[in-house]
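Okay, so here's the structure we're looking at.
2 protein chains.
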Amino acid sequence: MARDEDALRTAVEQSAAVLIAAGFPKMPARVLMTLLVSDDDGLTASELAETLGVSAAAISGAVRYLQTFGAIRRIARSGSRRDRYELVEDTWYTASLKTSPMYARLAALAENASAAIGEPASAAKARVDEMARFYRFLDARLPELMAEWEEQRLGR
Amino acid sequence: MARDEDALRTAVEQSAAVLIAAGFPKMPARVLMTLLVSDDDGLTASELAETLGVSAAAISGAVRYLQTFGAIRRIARSGSRRDRYELVEDTWYTASLKTSPMYARLAALAENASAAIGEPASAAKARVDEMARFYRFLDARLPELMAEWEEQRLGR
DNA sequence: CCGACAATTCACAAATTTGTGAAACAAGCG
DNA sequence: CGCTTGTTTCACAAATTTGTGAATTGTCGG
Numbered sequence: 001m002a003r004d005e006d007a008l009r010t011a012v013e014q015s016a017a018v019l020i021a022a023g024f025p026k027m028p029a030r031v032l033m034t035l036l037v038s039d040d041d042g043l044t045a046s047e048l049a050e051t052l053g054v055s056a057a058a059i060s061g062a063v064r065y066l067q068t069f070g071a072i073r074r075i076a077r078s079g080s081r082r083d084r085y086e087l088v089e090d091t092w093y094t095a096s097l098k099t100s101p102m103y104a105r106l107a108a109l110a111e112n113a114s115a116a117i118g119e120p121a122s123a124a125k126a127r128v129d130e131m132a133r134f135y136r137f138l139d140a141r142l143p144e145l146m147a148e149w150e151e152q153r154l155g156r
Numbered sequence: 001m002a003r004d005e006d007a008l009r010t011a012v013e014q015s016a017a018v019l020i021a022a023g024f025p026k027m028p029a030r031v032l033m034t035l036l037v038s039d040d041d042g043l044t045a046s047e048l049a050e051t052l053g054v055s056a057a058a059i060s061g062a063v064r065y066l067q068t069f070g071a072i073r074r075i076a077r078s079g080s081r082r083d084r085y086e087l088v089e090d091t092w093y094t095a096s097l098k099t100s101p102m103y104a105r106l107a108a109l110a111e112n113a114s115a116a117i118g119e120p121a122s123a124a125k126a127r128v129d130e131m132a133r134f135y136r137f138l139d140a141r142l143p144e145l146m147a148e149w150e151e152q153r154l155g156r
């Protein structure tokens, strides 16, 4: 049973489109999905460029972006400048939920806002307080959820 | 204890900035945060325009966007064309996690990709399968998490 | 009905993002 | 060492997104 490259390209582009719609930058999304379905040992920058039909410069920018949050890793292959890039385990998808300084930050900002409102009985304060509680909740529960995933992943 | 409007504006803009960084469109984010800290009964389009220092057209676009996923609601006030907009309970922040056709979609695409790879022993297939499992996991667990939040929210 | 004003729409402009090509840089290999 | 080739950087161009002003639509109050 051979690889159906056409179907793969389609799946890659569609998956990338979903990520992009969710706010993920375009080229990094395409690179990520391409690496996901790539054969072992990752791909070189030029292979990525050719597969995606874009310039080497675009690849350079995308891999830099992806490396900054540890989604991919550069593998220096002995005796060649053709470094290969490969996905770092499951980091890329868990990172979006695991690494969430965002939630703590929103909670803190909401708490500031609550204090600035003063007026204890106001509906505004109630709303803001609830937002704060919600993000505190996420900040606490998401790491737990990811731990649960990790457990399920390993025990397979 | 009066409202500290300056501190509120700061918190509003900073919170909006966090949402924007997460891929949320700019003006909707600002409108959302402004409504969050607003006094009761919501705000009119022109109040929003004035507070944010933007045109009526920009507000029109932003509220349309926000209404499409039920984050805000338009309240027709009797005997006036000055409709007011207000937040719909906690919808806006839960929606991002609750309404997640995105996760099911990514899972399905990954499953397609897995089939297209064929080759049962390949690392590529293992990676793609794991991605599929991960998004299936989220698709199942996030609604549960949101239910837990709802419970906690009400029992307060 | 008509006058007034709120809200939406539309075409365009401003701003931002994104990718390119060329040049600079780096590292293996003769 | 210096040639060759892969990668990065940079200035610029293309494309997309975002907001504006003017015109349009709708509706409340007289």
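Residue numbers (full-length UniProt numbering), protein chains in the order written: chain A, 1 to 156; chain B, 1 to 156.
In this text, a Cβ means the ideal position worked out from N, Cα and C, and glycines have one as well.
None of these values were measured; they are calculated from a predicted model.
Element boundaries [alpha helix (DSSP H), containing residue i]
i	result
A/R64	56 to 68
A/P28	26 to 37
A/D6	5 to 21
B/A49	45 to 52
Counterpart residues of residue i in DSSP-defined beta bridges
i	result
A/R73	A/E86
Cutoff 6 Å; reference residue i; Cβ partners in own chain excluding five residues on either side
i	result
B/L52	R30
A/R136	A107
B/P28	A62, Y65, L66
Beta-carbon contacts of residue i that lie in its chain and below 7 Å, excluding the five residues immediately before and after
i	result
B/M146	T94, L97, K98
A/V128	A110, A113, S114, I117
B/P143	K98
A/L8	V37
B/V88	G70, A71, I72, R73
B/L42	Just to set this straight, residue 42 of chain B is Gly in the shown sequence, not Leu. So the qualifying residues of the chain are L35, I75, R84, Y85, E86.
B/K26	I20
Same chain, Cβ closer than 8 Å to residue i, five either side skipped, listed in chain order
i	result
A/D139	S100, Y103, A104, A107
B/A56	A45, S46, A49
B/E13	R30, M33
A/R153	D90
Near the ligand COA: residue i beta-carbon under 6 Å from a heavy atom
i	result
A/P101	Here there are no bound small molecules, and the ligand COA is not part of this structure.
Which runs of the alpha helix (DSSP H) spanning at least 4 residues fall entirely within the region 77 to 134 of chain A, listed in chain order? 91 to 98, 101 to 117
Within the chosen definition, does the region 23 to 37 of chain B reach the region 29 to 48 of chain A through at least 3 CB pairs nearer than 8 Å? no
Three or more beta-carbon pairs under 8 Å between the region 128 to 137 of chain A and the region 18 to 30 of chain B, yes or no? no
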